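In UniProt numbering, the protein residues as written are 1 to 376.
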């Protein structure tokens, strides 16, 4: 079934934007007509793709507006693109402002235009804690023609906080195994570590919810038992504090900070282990990307992460903040090559069986067909 789809997401490095962009590319490969509608070119979109168009959104900066009304500009642009290209549906990622703008665009265009909203996490778990946004988030959810969420944990959280009676499809995130796969990067590892050392990795936006200080505390314990180094990828408000703690512990020579990187697939393959001690993690896309590269994860059992990382099979999980336990698990994996290989292979198998792109695309296509057929 051929579908003309408008996709709106945050085009930056966040997980929701990555998933939305990769989904759009995959749907285009499957023959659908894809239109990205957002304020900037999604960073993962890259070069020309057949069946994909990009439509920019520019907020009006009229003098009486204290803040440019991006949500209204977005809704207007959505309606304009929907009319011009005869879109069948808008698939928006994030409840606010994207679902709200899509619902408004539908009212401008007509009921034949359908709205599918995908919830990714912080639009529920963080913004949902703001009482001033609860009603508008619930409005966007209940007025969508279909709602999906990226984990069972997020489905349950959404029902608890907002709309208990709204049906939500759980559709996991996916990884493109043409990009994320075990690579032979021996030559690159040599730039960061000696042959007898292990390399641990942390990738995040370095916000407090990711608990990056726990990464340093965990690594500090690990490096006392295993000759190792830590690679930090990303930027964010907690990074200066993190680097201060690195200096306090005298770990400057063992911690390598690469900042924000657009393409991390090779960097992931460098690692022996991913550290992900997040306080909240509705899915854990970076853990999935690591798994696809044959890299086990040691992290927290927060929210949806146990749906990705199977404790004792593809990684180890501990209670949030328990850096001693995370360090013990990490040392166990890094010291036991056979166990590490077993976890690596189990992770690769799990990616193939549960998180492959075509399987996830088929699930979204089933949602599209349902709403276009008027089956809610």
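Glycine included, each C-beta is placed from N, C-alpha and C at the ideal position. If you're wondering where the values come from, they're calculated on a predicted model, not measured in any experiment.
Check	Outcome
If we count the other Cβ atoms within 10 Å of its Cβ and call it buried at 16 or more, is residue 250 buried or exposed?	exposed
Check for me: the alpha helix (DSSP H) holding residue 338 runs from which residue to which?	337-354
Based on the DSSP output, what are the partners of residue 54 in its beta bridges?	36
Please determine if the segment 49-56 and the segment 202-221 are in contact, where contact requires at least 3 C-beta pairs separated by less than 8 Å.	no
Throw me the rounded Cβ distance for the residue 327 and residue 309 pair, which I believe falls under 8 Å.	With 8 Å as the limit, residue 327 and residue 309 do not qualify as a contact, their Cβ atoms being about 17 Å apart.
What residue from 266, 301 and 311 has the CA that sits closest to residue 289's CA?	266
Counting pairs of beta carbons, one from the segment 100-107 and one from the segment 350-359, are three or more of them closer than 8 Å?	no
Is it the case that the segment 219-237 contacts the segment 189-201, given that we only count it when at least three CB pairs across the two stretches are under 8 Å?	yes
Going by DSSP in three states, residue 90 sits in which element: helix, strand or coil?	strand
So, residue 115 versus residue 144, is the Cβ gap smaller than 8 Å?	yes
So, at 7 Å on beta carbons, what are the nonlocal neighbours of residue 10 in its own chain, with the 5 sequence-adjacent residues on each side left out?	16, 17 and 94
Please classify residue 179: does DSSP put it in a helix, a strand, or coil?	coil
Could I get the ranges of all uninterrupted beta strand (DSSP E) runs contained in the segment 114-188, with 3 residues as the minimum, in chain order?	114-119 and 146-149
Please classify residue 186 as buried or exposed, where buried requires at least 16 other C-beta atoms within 10 Å of its C-beta.	exposed
Quick one, are the C-beta atoms of residue 348 and residue 284 less than 8 Å apart?	no
On the criterion of 16 or more Cβ atoms from any shown chain inside 10 Å, does residue 223 qualify as buried, or is it exposed?	buried
Identify the residues that DSSP records as bridge partners of residue 232: which are they?	202 and 257
Taking residue 278 as part of the alpha helix (DSSP H), name the residues at either end of that continuous run.	Run containing residue 278: none; DSSP gives neither H nor E here.
What does residue 16 pair with, by DSSP beta-bridge criteria?	Answer is none; residue 16 lacks a bridge partner.
Around the C-beta of residue 368, are 16 or more other C-beta atoms found within 10 angstroms, so that it is buried, or is it exposed?	buried
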